[in-house]
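Written out below as structure tokens is the structure these notes cover.
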Amino acid sequence: MQNFLVISDLHVSDDATVDSGPSLISINPKSGKLGDTMFRELVNCVKAEGISIDWIVCPGDLGDRANQAGQKYAWENLDRLKGELGCKFLIGTAGNHDLDSRLATNEFDPKANLQSLLPLFPGITQEDCDKYWARHFCFYVNDGVRVLNLHSSAYHGYASSAGEPEHLHGRVSPRTIDEICAELKGVDADVNILLTHHHLLKNDHIYDRDNSEMSGAGRLLNKLTDATKRPWIVLHGHQHFPEIDYGRGAGNAPIVISAGSFSARLSGVHAAASPNQFYVVELDKPDPLQDGWFPCGKIKAWHWSPEGFWEKTPMAHRIPYGAGFGCRMNPWQSSRRVIGALSESTQPYLTLQEILNLEPLLGYMMPRDFGLLIWELERSGVKVTKAFDFMETTFRKLAVS
């Protein structure tokens, strides 16, 4: 249907230290020109795949700590990508590092840097941008796909009545939610996407304590699904923690894609679980082979290697190259399909690619569901031999007693 190039949390700085700055990308002449290389190699990766990109999307944090020159560099390079890849649209959303919440560069206006960017931020038209800044959201619609761009950092630079600085978390207000739902009423779309910066659920995977999620997110998701009666796709950044998961809800619970950082410098346990990545999210059209599941899609992911180039992310990571989403079968159901394919084959074993050719619906399972599928197959006596290229993983027939 449509393809989205996702580049999140660049955190471009002007730090002169090559090996210890907040980002791999710095505009300081002493730090080299790694940013130019990363963007150039990204273009080469996408073109080598023959992928047509419709949208370039940035879920926030162009610069580090509201660094104006860093934000300008990041946004101009994203716009350059738009031209080089022939994309239709470039949109961003404001992250906590994009708002000058501590008024370091402006005496009174936390959003001044972003509003001075060209092309206009967050895109696309003057009317879209004015609405985003005035009402904290705007909609973009193209060929059945509707994107809700939500400004989750809208109150940064202020303090709540309890005295807690707003820059410590995201927020969507009840008024904003009501206005969003009023605009959704009576207007249908095939696919609904929520683009925002802050995560909507607490992240307890790598933090003992997490209070930086979006306040009001639970109400927002409930209202969105009630208004449309369809699953939303949520695309956010902020924590530099790549993951695909389902949100709270019933059969129409949202698909949540948490983007890793494009170029923030990561260290410690965080770095092991969170490589620097960019993604191409491919939304597929409804198809009988999807067995009624929708929306469905695939994600192509690349990570920045220590050798200085982008490479396809293997299945061991949380968002690997070839990850799927949309199919919500449980492990027993999916394992029966694999066992059925093995039983009907005349070959002693099948690769994952061969199984997906026979059962394409399995390609829309999330990476964690694939792990559960393998567990269920091994429990059922299927011999699974994992390969570095996950598509070459082999599944050997059940032994005949």
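Sequential numbering of the sequence shown, starting at -5, is according to the numbering used here. All C-beta atoms in this analysis are idealised placements derived from N, C-alpha and C, irrespective of residue type, glycine included.
> Taking the DSSP output, what are the residues bridged to Thr11?
Replying inline: None; Thr11 has no bridge partner.
>> For the structure I just gave you, are there three or more beta carbon pairs, one from the segment 180 to 195 and one from the segment 119 to 128, closer than 8 Å?
In response: These segments do not touch.
> What's the C-alpha gap between Leu93 and Phe384?
Replying inline: Each residue's Cα considered, the two are about 41 Å apart.
> In the structure shown, what three-state DSSP assignment does Gly254 receive?
Replying inline: coil
>> List, from N- to C-terminal side, the beta strand (DSSP E) runs of 3 residues or more that fit wholly inside the segment 0 to 46.
In response: none
>> For Lys377, which residues in the same chain have their Cβ closer than 7 Å to its Cβ, ignoring the five residues on either side in sequence?
In response: Excluding positions up to five away in sequence, the list reads Arg390.
> Cys123 and Leu114 look like a contact to me (Cβ under 8 Å); what is the Cβ gap, rounded to whole Å?
Replying inline: 5 Å
>> Please classify Val181 as buried or exposed, where buried requires at least 16 other C-beta atoms within 10 Å of its C-beta.
In response: exposed
> In terms of DSSP beta bridges, what is Cys175 paired with?
Replying inline: In the DSSP output, where bridge partners are listed per residue, Cys175 has none listed.
> What are the start and end residues of the alpha helix (DSSP H) that includes Asn186?
Replying inline: For Asn186, there is no enclosing alpha helix (DSSP H); the enclosing beta strand (DSSP E) has its first and last residue at 185 to 189.
> Buried or exposed: Pro282, going by 16 or more other Cβ atoms within 10 Å of its Cβ?
Replying inline: exposed
> So what's Cys132 in DSSP terms, helix, strand or just coil?
Replying inline: strand
> At what residue ranges does the segment 213 to 283 contain a whole run of the alpha helix (DSSP H), taking only runs of 4 or more?
Replying inline: 262 to 267
> Alpha carbon to alpha carbon, what distance is there between Leu28 and Asn71?
Replying inline: 13 Å
>> Considering just the uninterrupted stretch of the beta strand (DSSP E) at Val378, what are its terminal residues?
In response: 377 to 379
> Measuring CB to CB, does Gly291 end up less than 7 Å from Gln271?
Replying inline: no
> Ends of the alpha helix (DSSP H) at Tyr67?
Replying inline: 62 to 79
>> For Thr11, count the other beta carbons within 10 Å of its own beta carbon; 16 or more makes it buried, fewer makes it exposed. Which is it?
In response: exposed
> Going by the CB atoms, is the gap between Pro116 and Ile85 shorter than 7 Å?
Replying inline: yes
> From which residue to which residue does the beta strand (DSSP E) around Trp298 run?
Replying inline: 291 to 298
>> In the DSSP assignment, the alpha helix (DSSP H) including Val332 goes from what residue to what residue?
In response: Its alpha helix (DSSP H) spans residues 325 to 338.
> Just curious, the beta strand (DSSP E) that Leu144 is in, first and last residue?
Replying inline: 139 to 144
> If we ignore side chains and look at the alpha-carbon of each, how far apart do Ala63 and Thr119 end up?
Replying inline: 23 Å
> Could you check where the beta strand (DSSP E) with Glu305 kicks off and where it finishes?
Replying inline: Note, Glu305: beta strand (DSSP E), 304 to 306.
>> Assuming Ala317 is part of the beta strand (DSSP E), what are its boundary residues?
In response: 317 to 319
> How many angstroms separate the CA atom of Lys380 from the CA atom of Gly320?
Replying inline: 24 Å
>> Here's the rule: buried if 16 or more other CB atoms are within 10 angstroms of the residue's CB, otherwise exposed. What is Asp278?
In response: With 16 or more Cβ atoms within 10 Å of its Cβ, Asp278 is classed as buried.
>> Whole angstroms are fine: how far does the CA of Asp30 sit from the CA of His91?
In response: 22 Å
>> Whole angstroms are fine: how far does the CA of Gln327 sit from the CA of His193?
In response: About 31 Å.
>> Assuming contact is defined by CB atoms lying nearer than 7 Å, are Asp13 and Ile21 in contact in what I supplied?
In response: no
>> If you reduce the DSSP assignment to three classes, tell me which class Ile49 lands in.
In response: The question names Ile, but residue 49 is Trp in the sequence shown. In the three-state scheme derived from DSSP, where H, G and I count as helix and E and B as strand, Trp49 is classed as strand.
> In terms of DSSP beta bridges, what is Leu344 paired with?
Replying inline: Phe389
> If you draw a straight line from the alpha carbon of Leu344 to that of Glu353, how long is it in whole angstroms?
Replying inline: 12 Å
> Are the segment 291 to 303 and the segment 215 to 224 touching by the rule of at least three beta carbon pairs closer than 8 Å?
Replying inline: Verdict: no, contact absent.
>> Nearest by alpha-carbon distance to Lys41: which of Gly80, Asp239, Leu4 is it?
In response: Gly80
> What do you reckon, are the CB atoms on Cys52 and Trp304 nearer than 7 Å?
Replying inline: no
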